[in-house]
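Chemist: Sharing a structure here in structure tokens format.
Number of protein chains: 2
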Amino acid sequence: MADYTTDNIKSQMRKGLLEYCTLLCLSKGEAYTSEILTILQQADLLVVEGTLYPLLSRMKTNGLLEYRWQESPTGPPRKYYKITATGEEVLKELNKEWGAITASVNKMCG
Amino acid sequence: MADYTTDNIKSQMRKGLLEYCTLLCLSKGEAYTSEILTILQQADLLVVEGTLYPLLSRMKTNGLLEYRWQESPTGPPRKYYKITATGEEVLKELNKEWGAITASVNKMCG
DNA sequence: TTTAGTACTTGGTATTGCAAGGTACTGAAA
DNA sequence: TTTCAGTACCTTGCAATACCAAGTACTAAA
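Shown next as structure tokens:
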């Protein structure tokens with residue numbers, strides 16, 4: 000099993016949750032991209048660098064996130080992202096939406 | 000609320016589940032496109048014709064679905080889609096995946 | 001000064017969703 | 001007969017997105 004088709008559908012299922020999970024992650028406190036990446040990957044979100052950077056930029060542009068630069072002792076400075084008040088409100092909406100979605104899917108299963 | 004950004008993220012969350020829910024729908028018996036469309040829309044999947052036709056074709060090409068033509072008393076003939084044995088196996092995988100995803104998300108919430 | 005490690009950014013390509021328009025069949029109205 | 005409305009299928013063109021790969025830039029150690 001786990002052929003190309005199955006993997007493709009699976010990854011699509013997870014892709015759609017990327018923004019939501021990123022907001023969830025940052026609602027617990029600020030973090031920079033590599034940390035976010037690791038957290039999302041540990042939740043099996045299968046996300047990679049080239050996806051996450053543009054995604055964070057979009058969310059910043061849309062006012063859900065903000066960032067500050069912070070020097071790093073071991074390399075170039077880091078962008079620490081933080082959720083905004085708007086982001087918090089959107090997250091509340093998305094939490095409701097997630098509940099509705101699981102209800103929808105479970106209804107289709109039953 | 001419910002501004003452009005929120006709606007966009009919401010729709011992405013649901014989009015990723017289209018193939019899965021289509022398989023779920025057809026695992027209950029065959030149906031033609033308009034019926035599938037109605038069922039998915041009743042589950043709030045926000046799908047439209049121009050999305051569903053190519054999607055069903057892709058799934059047929061990938062061996063998940065098959066169809067037969069059937070005359071209609073009230074118009075042109077209909078394509079009745081049915082899940083294949085391969086589709087059933089993929090669906091089992093996706094059911095497991097859905098369980099894993101909800102677990103992942105809920106872990107991130109907690 | 002070169003190399004390795006960390007971190008951010010940016011093309012190019014492929015996939016996908018959707019709006020809009022097109023084809024074709026049936027039956028009823030003009 | 002012709003025209004129209006309803007049903008059903010399909011395609012085209014545009015925009016958004018994900019990902020791979022490469023590029024830039026900073027630090028520290030060899």
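Quick mapping for you: the protein sequence lines, in order, are chains E and P. Residues 0 to 109, numbered by numbering that gives the first Met the number 0, are exactly what the first sequence covers, in order. Residues 0 to 109, numbered by numbering that gives the first Met the number 0, are exactly what the second sequence covers, in order. Cβ atoms here follow ideal geometry from the backbone N, Cα and C, with glycine treated the same way.
#1: Have a look at P/15, P/4, P/2 and P/59 and flag the residue whose alpha-carbon is nearest the alpha-carbon of residue 100 of chain E.
#2: Determine the direct distance from the alpha carbon of residue 2 of chain E to that of residue 55 of chain E, and round the result to whole angstroms.
#3: Expressed to the nearest angstrom, what Euclidean distance is found between the alpha-carbon atoms of residue 142 of chain E and residue 52 of chain E?
#4: Could you list which residues in chain P have their beta carbon closer than 7 Å to that of residue 103 of chain E, in chain order?
#5: Output needed for residue 76 of chain E: all residues of its chain with C-beta closer than 7 Å, excluding positions within five of it in sequence on either side, in chain order.
#6: When you compare the segment 9-25 of chain E with the segment 12-30 of chain P, are there three or more beta-carbon pairs, one atom per stretch, that lie closer than 8 Å?
#7: The alpha helix (DSSP H) spanning residue 109 of chain E covers which residue range?
#8: Are residue 58 of chain P and residue 23 of chain E close, meaning C-beta to C-beta below 8 Å?
#9: Name the DSSP beta bridge partners of residue 34 of chain E, please?
#10: How should residue 96 of chain P be labelled, buried or exposed, when 16 other C-beta atoms within 10 angstroms of its C-beta is the threshold for buried?
#11: So what's residue 75 of chain P in DSSP terms, helix, strand or just coil?
#12: Looking only at its chain, what residues have a beta carbon closer than 7 Å to the beta carbon of residue 46 of chain E, apart from the 5 residues adjacent to it on each side?
#13: Helix, strand or coil: how does DSSP classify residue 96 of chain E here?
#14: Against chain P, which members of the segment 12-30 of chain E pass a CB distance test of less than 7 Å?
#15: If you run the structure through DSSP and keep just helix, strand and coil, what is residue 9 of chain P?
#16: Bridge partners for residue 91 of chain E per DSSP, in chain order?
#17: At a Cβ threshold of 8 Å, is residue 47 of chain E touching chain P?
#18: Note down, in chain order, all residues in the segment 60-85 of chain P with a beta-carbon under 9 Å from any beta-carbon belonging to chain E.
#19: Please classify residue 27 of chain P: does DSSP put it in a helix, a strand, or coil?
#20: Is the beta carbon of residue 106 of chain E within less than 7 Å of some heavy atom of the ligand FAD?
#21: Could you please give the first and the last residue of the uninterrupted alpha helix (DSSP H) stretch that includes residue 49 of chain P?
Modeler: The structure says:
#1: Position 101 of the first sequence, counting from 1, holds the residue named residue 100 of chain E. It is P/15.
#2: The sequence position of residue 55 of chain E within the first sequence is 56, counting from 1. The sequence position of residue 2 of chain E within the first sequence is 3, counting from 1. The straight-line gap from Cα to Cα measures roughly 31 Å.
#3: In this structure chain E extends from 0 to 109, so residue 142 of chain E is not present and cannot be described.
#4: Along the first sequence, one-based indexing puts residue 103 of chain E at 104. Those within 7 Å of residue 103 of chain E in chain P are 42 and 43.
#5: Position 77 of the first sequence, counted from the start, is the residue given in the question as residue 76 of chain E. Taken in chain order, the residues that qualify are 68, 69 and 70.
#6: Here the segment 9-25 of chain E lies against the segment 12-30 of chain P, with 3 or more beta-carbon pairs under 8 Å apart.
#7: Numbered from 1 along the first sequence, position 110 holds the residue referred to as residue 109 of chain E. First-last for residue 109 of chain E: undefined, no H or E at that position.
#8: Stepping through the second sequence from its first residue, residue 58 of chain P is reached at position 59. Stepping through the first sequence from its first residue, residue 23 of chain E is reached at position 24. Against a cut-off of 8 Å, the Cβ pair of residue 23 of chain E and residue 58 of chain P comes out as no contact.
#9: Here residue 34 of chain E is taken as the residue at index 35 of the first sequence, counted from 1. Residue pairing of residue 34 of chain E in beta bridges, as defined by DSSP: absent, with no partner found.
#10: The residue you call residue 96 of chain P lines up with position 97 of the second sequence. Burial call: buried.
#11: Position 76 of the second sequence, counted from the start, is the residue given in the question as residue 75 of chain P. Collapsing the DSSP output to three states places residue 75 of chain P in a strand.
#12: Taking the first residue of the first sequence as position 1, residue 46 of chain E is located at position 47. If we look at residue 46 of chain E and ignore the five residues flanking it on each side, its Cβ neighbours are 17, 36, 39 and 40.
#13: Walking along the first sequence from the start, residue 96 of chain E turns up at place 97. The answer is helix: DSSP assigns residue 96 of chain E an H, G or I state.
#14: 12, 13, 14, 15, 16, 18, 19, 20, 23 and 24
#15: As a working mapping, residue 9 of chain P is identified with position 10 in the second sequence. In this structure, residue 9 of chain P counts as helix in the three-state DSSP scheme.
#16: Here residue 91 of chain E corresponds to residue number 92 of the first sequence, with the count starting at 1. Paired residues: none, contrary to the question.
#17: Within the first sequence, numbered from 1, the residue matching residue 47 of chain E stands at position 48. No, no contact with chain P.
#18: 61, 62, 63 and 85
#19: Taking the second sequence and counting its residues from 1, the one referred to as residue 27 of chain P is at position 28. Residue state, collapsed to three classes: coil.
#20: Summarising the ligand content, the structure contains no ligands, and the ligand FAD is consequently not present.
#21: Against the second sequence, residue 49 of chain P aligns to sequence position 50. Taken as a continuous stretch (DSSP letters only), the alpha helix (DSSP H) holding residue 49 of chain P covers 48-60.
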